[in-house]
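K.L.:
Numbering (the working numbering), first residue to last: 21 to 253. One structure is given below, represented as structure tokens, and several questions about it will come after.
Spelled out as structure tokens, the structure:
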């Protein structure tokens with residue numbers, strides 16, 4: 021039986037609670053993602069996919085409903101515990117790369133390991149291995165402003181892998197790239213999925229990009245309207 025990495029039941033998210041402008045963004049979303057799945061969550065702007073991503077990434081908590089990440093009840097964790105979960109269990113890849121500008125590619129990849137208390141020598145070795153995996157070893161001393169968009173995103177993927185997270189959460193990872201570079205970045209995700217067995221959740225508005233994944237969850241107006249593809253129980 022497949023291990024459940026993400027288990028959400030009836031997730032509701034409201035803002036401005038109790039005020040005249042109270043807004044409900046998520047309307048009872050339930051979904052399960054198993055270990056080793058490559059899933060895309062697709063929706064137009066305003067569909068609620070960013071709010072859902074923030075909850076999956078433990079950046080925000082639902083107003084109602086339950087969310088278990090690897091069997092841990094996220095709703096019951098303190099801010100400090102959530103921070104640890106984000107650092108160790110989730111590898112984030114953002115559209116805007118979010119690299120530290122004044123520091124090298126190598127140091128950027130080392131950062132999550134530094135927060136996790138990994139010794140300096142060990143994290144430098146692992147960071148170099150990860151840069152090698154995304155074919156960026158020769159650029160390890162370069163700062164972000166010396167790299168192209170595609171190179172920055174490859175460094176960001178290496179950084180997301182730093183603490184060997186149980187899921188990689190990629191938010192519009194090719195959004196700032198041209199289509200050729202975007203395909204190269206997607207190739208890296210496929211490699212991580214096939215060779216490393218990583219669970220990958222891709223947030224996108226692009227149906228073309230979503231078609232590259234095994235399973236497509238489509239959300240509209242804060243509800244799941246379809247869930248198609250491979251589901252291993």
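Even glycine gets a Cβ: it sits at the ideal position worked out from N, Cα and C.
(1) Select from 82, 133, 59 the residue whose C-alpha is nearest the C-alpha of residue 242.
(2) If distances are taken between C-alpha atoms only, which option among 28, 71, 89, 64 comes closest to residue 45?
(3) Just the Cα atoms here: how many angstroms apart are residue 149 and residue 170?
(4) Within the continuous beta strand (DSSP E) that includes residue 26, where are the two ends?
(5) For a test of the three-state rule: what should DSSP assign to residue 241, helix, strand or coil?
(6) Using the DSSP secondary-structure output, state which residues sit across from residue 221 in a beta bridge.
(7) Find the nearest neighbour of residue 226 within the set 212, 39, 246, 193, judged by alpha-carbon distance.
(8) In angstroms, rounded to a whole number, what distance separates the CA positions of residue 59 and residue 238?
(9) Express the C-alpha separation of residue 76 and residue 253 in angstroms, rounding to a whole number.
(10) Just the Cα atoms here: how many angstroms apart are residue 183 and residue 230?
(11) Decide if residue 248 is buried, meaning its Cβ has at least 16 other Cβ atoms within 10 Å, or exposed.
P.N.:
Put simply:
(1) Taking the first residue of the chain shown as 1, we reach residue 242 at position 222. Nearest neighbour of residue 242 by Cα position, chosen from 82, 133, 59, turns out to be 82.
(2) Residue numbering aside, residue 45 sits at position 25 when the chain shown is read from its first letter. With distances taken between Cα atoms, residue 45 lies closest to 71.
(3) Taking the chain shown and counting its residues from 1, the one referred to as residue 149 is at position 129. Taking the chain shown and counting its residues from 1, the one referred to as residue 170 is at position 150. Each residue's Cα considered, the two are about 19 Å apart.
(4) Reading the chain shown from its first residue, position 6 is the one you call residue 26. First-last of the beta strand (DSSP E) with residue 26: 24-35.
(5) For the purposes of this step, residue 241 is taken as residue 221 along the chain shown, with counting starting at 1. Of the three classes helix, strand and coil, the one that applies to residue 241 here is coil, per DSSP.
(6) The residue you call residue 221 lines up with position 201 of the chain shown. Paired residues: 59, 189.
(7) To locate residue 226, count along the chain shown from 1; it is residue 206. That would be 193, whose Cα lies nearest to the Cα of residue 226.
(8) For the purposes of this step, residue 59 is taken as residue 39 along the chain shown, with counting starting at 1. For the purposes of this step, residue 238 is taken as residue 218 along the chain shown, with counting starting at 1. If you take the alpha carbons of residue 59 and residue 238, they lie about 11 Å apart.
(9) By one-based count along the chain shown, residue 253 stands at place 233. By one-based count along the chain shown, residue 76 stands at place 56. In this prediction, residue 253 scores a pLDDT of 43, lower than 50, which makes its location untrustworthy; the coordinate-derived value is nonetheless stated afterwards. Cα-Cα distance, rounded: 20 Å.
(10) In the chain shown, residue 183 corresponds to position 163, counting from 1. In the chain shown, residue 230 corresponds to position 210, counting from 1. So the alpha carbons of these two residues sit roughly 26 Å apart.
(11) Residue mapping note: residue 248 aligns to position 228 of the chain shown, counting from 1. The residue in question, residue 248, is exposed, as its Cβ has fewer than 16 Cβ neighbours within 10 Å.
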